[in-house]
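The opening position of the sequence shown corresponds to residue 1 in UniProt numbering, with each subsequent residue numbered one higher.
A virtual CB, placed ideally from N, CA and C, is assigned to each residue, including glycine.
Okay, so here's the structure we're looking at.
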Amino acid sequence: MEESLQQPTDTSLQVLMDMGFSREESEEALVKNGFSVELAAAYLLNLSEELGGEEWEDVDEGYKMVFVVNSDLKMSIGKTAAQVAHGCLGLYREIELGSHQESRDDLVTWLDEGQKKIVLSGKNTDALIKLCNKAKDFGIPSHLVKDAGHTEVAAGSTTVLALFGSEENVNKVTGSLRLLK
Numbered sequence: 001m002e003e004s005l006q007q008p009t010d011t012s013l014q015v016l017m018d019m020g021f022s023r024e025e026s027e028e029a030l031v032k033n034g035f036s037v038e039l040a041a042a043y044l045l046n047l048s049e050e051l052g053g054e055e056w057e058d059v060d061e062g063y064k065m066v067f068v069v070n071s072d073l074k075m076s077i078g079k080t081a082a083q084v085a086h087g088c089l090g091l092y093r094e095i096e097l098g099s100h101q102e103s104r105d106d107l108v109t110w111l112d113e114g115q116k117k118i119v120l121s122g123k124n125t126d127a128l129i130k131l132c133n134k135a136k137d138f139g140i141p142s143h144l145v146k147d148a149g150h151t152e153v154a155a156g157s158t159t160v161l162a163l164f165g166s167e168e169n170v171n172k173v174t175g176s177l178r179l180l181k
């Protein structure tokens with residue numbers, strides 16, 4: 001079958017639409033990214049990211065999902081995007097189905113408010129683990145991404161920390177970090 005004749009599957013579309021993206025956005029992202037849900041999610045997350053500059057300032061209201069990238073690994077842009085997508089989907093699944101179900105109502109509010117997402121730079125694996133532990137202390141849902149090791153980094157490398165919660169609480173953990181450039 002020619003690539004131009006392929007269509008996104010209903011399952012792939014539903015995953016992206018459950019993240020708050022429209023059907024049209026989801027279809028376009030899947031087509032542009034070889035029908036990979038993770039790459040399409042990273043593409044859409046990148047499009048929705050409107051912050052810039054060295055430092056960021058936030059109003060403490062609503063909810064957000066924050067991704068802290070392990071900068072020590074020096075991953076390519078594509079690898080970083082895929083790892084952030086892993087973090088987003090992993091955390092989303094944990095809230096919906098797993099160990100953070102108490103945050104489901106907050107997730108619905110976040111979806112209704114436009115799904116604010118921030119990508120920040122973390123120093124190294126130890127820094128991500130410390131941030132993850134701090135998030136747990138505050139009761140903030142988190143998900144650490146460990147790479148399978150098929151491409152750029154060693155198997156088991158901690159690549160991204162994903163966090164979700166009220167902006168006020170998440171800022172207690174990540175407020176001093178800089179945007180990823």
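DSSP state of residue i mapped onto helix, strand, coil
| i | result |
| --- | --- |
| His143 | strand |
| Ser71 | helix |
| Gly175 | coil |
| Gly78 | helix |
Residue environment, residue i, which counts as buried when at least 16 other CB atoms sit within 10 Å
| i | result |
| --- | --- |
| Asn70 | buried |
| Gly149 | exposed |
| Glu50 | With a pLDDT of 45 at Glu50, under the threshold of 50, the modelled position of that residue is not reliable, and the figure given next carries that caveat. Exposed: under 16 other Cβ atoms inside 10 Å. |
| Asn124 | exposed |
| Val59 | At Val59, the pLDDT of 44 sits below 50, so the modelled position is not reliable and the matter cannot be decided from this model. |
| Glu57 | Only weak support is given to the placement of Glu57: the predicted model assigns it a pLDDT of 48, under 50, and the value that follows is read from those uncertain coordinates. Its Cβ having fewer than 16 others within 10 Å, Glu57 is exposed. |
Through-space distance from residue j to residue i, alpha-carbon basis
| i | j | result |
| --- | --- | --- |
| Leu16 | Gly175 | 28 Å |
| Leu111 | Glu94 | 16 Å |
| Val84 | Val160 | 6 Å |
| Gly20 | Val37 | 14 Å |
| Val108 | Thr11 | 20 Å |
| Ala135 | Leu73 | 22 Å |
| Arg104 | Gln6 | 34 Å |
| Lys79 | Glu152 | 8 Å |
| Glu96 | His86 | 15 Å |
Minimum C-alpha distance to residue i - residue among the options
| i | options | result |
| --- | --- | --- |
| Leu106 | Val84, Cys132, Pro141 and Leu73 | The displayed chain sequence assigns Asp, not Leu, to residue 106. The candidate whose alpha carbon is nearest that of Asp106 is Pro141. |
| Gln115 | Pro8, Asp18 and Asp137 | Asp18 |
| Gln14 | Gln7, Arg23 and Arg178 | Arg23 |
| Leu91 | Ala127, Cys132 and Gln7 | Cys132 |
| Ala81 | Asp147, Lys134, Lys64 and Asn124 | Asp147 |
| Leu45 | Thr151, Gln101 and Val119 | Val119 |
Check: residue i C-beta below 8 Å from any heavy atom of the ligand ZN
| i | result |
| --- | --- |
| Glu168 | Absence of the ligand ZN is noted for the structure shown, with no ligands found whatsoever. |
Alpha helix (DSSP H) runs contained entirely in the stretch 81 to 159, provided each spans 4 or more residues: The qualifying runs are 104 to 112 and 125 to 137.
Beta strand (DSSP E) segments (min. 3 residues) lying fully within the UniProt domain "UBA" (1 to 47): Runs of the beta strand (DSSP E) inside the UniProt domain "UBA" (1 to 47): none found.
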